[in-house]
Amino acid sequence: MAEGSLITDELRKLIGVPSEAIVFKVEEGAIQRYVQAIGDPSPLYNDPDFASKTKHRRLVAPPGFTGWPVKAGRPTEKLFESLVKAGAPPRILDGGVELEFIEPIGAGDVLTATPRIASISERETRLGRTMFTTAEIAFVNQNGNEVLKSRSTLIQF
Amino acid sequence: MPKQVCCEDVEVGTEITPLAKIATTRMLVRWAGASGDFNPLHYEDDFAKAMGVGAPIVHGALKRAWLGQLMTDWIGEEGKLKKLSCQYRGMDYPRKMKTIDEPRDGETWWCKGKVTRKYEDDGEHLVECEIWVENGNGDRTTPGSALVVLPTRMGK
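Keeping their order, the protein sequence lines are chains A and B.
For the first sequence, the tail end lands on 157 under our numbering, and the numbers increase by one without skipping.
For the second sequence, the tail end lands on 313 under our numbering, and the numbers increase by one without skipping.
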């Protein structure tokens with residue numbers, strides 16, 4: 001461990017190890033509340049009757065919506081907890097995200113998400129010594145198909 | 158329904174139809190509930206100050222969701238969003254409320270974008286876009302990119 005480095009040996013051990021799988025339920029009401037919060041009026045997300053008559057045949061989840069975690073909690077919060085436990089700085093900002101949409105997600109789906117820390121780096125920023133963690137999450141639906149991949153950056157300082 | 162955009166309609170440099178958003182404290186509360194992100198950074202003054210951001214800030218994921226809407230509005234029913242990414246570079250501060258449902262005067266955010274590349278791969282007509290959220294001063298607080306598939310006029 002370099003002098004002044006934020007990346008402890010405990011943190012290094014977390015890299016690449018999958019954490020506990022998170023189970024999400026994609027519910028109609030949850031989709032509706034989510035798009036109402038964004039202010040997206042598309043009937044594909046808001047109106048189950050309309051959506052059921054389209055090729056989607058059910059209410060569609062908007063990009064990035066994966067439902068509500070019913071087992072094991074919110075992915076970023078869980079990751080953050082494990083990072084802090086391993087010695088990472090306690091203040092956190094969301095650095096950004098990259099989403100790859102593989103198959104549609106809609107009401108009634110049950111998704112299993114497996115988070116994994118892909119990499120940890122650090123550098124000096126205007127926040128001081130700052131740690132950057134890239135977390136990858138693969139989402140698989142009830143049919144065993146991978147539907148979404150996400151890659152998030154957590155900033156800790 | 159607006160006219161379906163097809164790959165023949167776009168070139169490098171084509172602008173994506175901009176989308177206006179007004180972040181308010183009320184919207185942030187709603188987003189917290191809908192997304193499950195209850196970090197006090199987004200609703201508690203003292204906590205936000207202690208975190209070094211001055212005042213409660215707009216959730217990055219809410220801005221990402223706006224960019225999702227920017228793209229899905231633009232590509233229409235026949236388009237397909239394959240990738241979306243963004244970086245939360247700058248802080249945005251929501252407007253406070255004047256009445257129970259009316260915000261105070263203040264800035265309006267614009268989600269914008271333009272086509273940066275157009276190509277074919279495996280029979281799909283792909284379009285890459287540079288996208289961003291800009292604040293009332295025109296600063297791009299949330300730059301990102303998107304990859305979409307557009308239909309063709311021939312229906313292929």
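In this text, a Cβ means the ideal position worked out from N, Cα and C, and glycines have one as well.
| Check | Outcome |
| --- | --- |
| DSSP three-state assignment for I7 (chain A), whether helix, strand or coil | coil |
| Environment of A205 (chain B) [buried if 16+ CB atoms lie within 10 Å] | buried |
| Sequence ranges, beta strand (DSSP E) only - wholly within the stretch 82 to 152 of chain A, length at least 3 | 92 to 101, 110 to 125 and 128 to 140 |
| Which of helix, strand or coil DSSP assigns to M1 (chain A) | Below a pLDDT of 50, predicted positions are generally treated as unreliable, and M1 (chain A), at 47, falls in that range; no measurement from the model is reported. |
| Interface residues of chain A facing Q244 (chain B) [CB-CB closer than 7 Å] | G95 and G96 |
| Paired residues, beta bridge with G301 (chain B) - DSSP | B:C243 and B:I288 |
| Residue-level contact to chain A via CB, W223 (chain B), 8 Å cutoff | yes |
| Within chain B, the residues that A135 (chain A) reaches when beta carbons sit closer than 9 Å | Those within 9 Å of A135 (chain A) in chain B number zero; the least Cβ separation is about 14 Å. |
| Same chain, Cβ closer than 8 Å to E146 (chain A), five either side skipped, listed in chain order | I102, E103, A138, F139 and V140 |
| Sub-8 Å separation of P69 (chain A) and F132 (chain A) beta-carbons | no |
| Classification of M311 (chain B) by the beta-carbon crowding that lies within 10 angstroms, buried from 16 upward | exposed |
| Anticipated Cβ contact below 8 Å, T112 (chain A) with A21 (chain A), distance rounded | 5 Å |
| For G225 (chain B), the nearest candidate out of B:P308, B:T181 and B:T299 (CA to CA) | B:T299 |
| Interface residues of the stretch 101 to 112 of chain A facing chain B [CB-CB below 7 Å] | F101 |
| P48 (chain A): first and last residue of the uninterrupted alpha helix (DSSP H) it sits in | P48 to S52 |
| Cβ-based burial, K269 (chain B) [other Cβ within 10 Å; buried from 16] | buried |
| Amino acids of chain B, ordered along the chain, whose beta-carbon sits closer than 9 Å to that of D40 (chain A) | A222, W223, G225, Q226, T229 and D230 |
| Within 8 Å of chain B by C-beta, residues of the stretch 45 to 64 of chain A in sequence order | T54, P62, P63 and G64 |
| T309 (chain B) - containing alpha helix (DSSP H), residue span | Unbroken run through T309 (chain B): none, as it is neither H nor E. |
| Opening and closing residue of the alpha helix (DSSP H) in which L224 (chain B) lies | G217 to I232 |
| Separation of S121 (chain A) from K14 (chain A), as counted between CA atoms | Note on identity: in this sequence residue 14 (chain A) is Leu, with Lys being the wrong assignment. Taking the straight line from one Cα to the other gives about 13 Å. |
| Candidates A:D49, A:S119 and A:P48: closest to R12 (chain A) by CA position | A:S119 |
| Rounded separation between T273 (chain B) and K178 (chain B) - CA only | 24 Å |
| Residues that DSSP places opposite P260 (chain B) in a beta bridge | B:M254 |
| Member of B:D262, B:E281 and B:E165 whose CA lies at the smallest distance from the CA of T250 (chain B) | In the sequence as displayed, the identity of residue 250 (chain B) is Tyr instead of Thr. When each option's Cα is compared against that of Y250 (chain B), the closest is B:D262. |
| S42 (chain A) versus B:Q244, B:M228 and B:V305, residue with shortest Cα-Cα distance | B:M228 |
| Sub-8 Å separation of G217 (chain B) and D94 (chain A) beta-carbons | yes |
| DSSP three-state assignment for V35 (chain A), whether helix, strand or coil | helix |
| Cutoff 6 Å; reference K253 (chain B); Cβ partners in own chain excluding five residues on either side | T182 and R261 |
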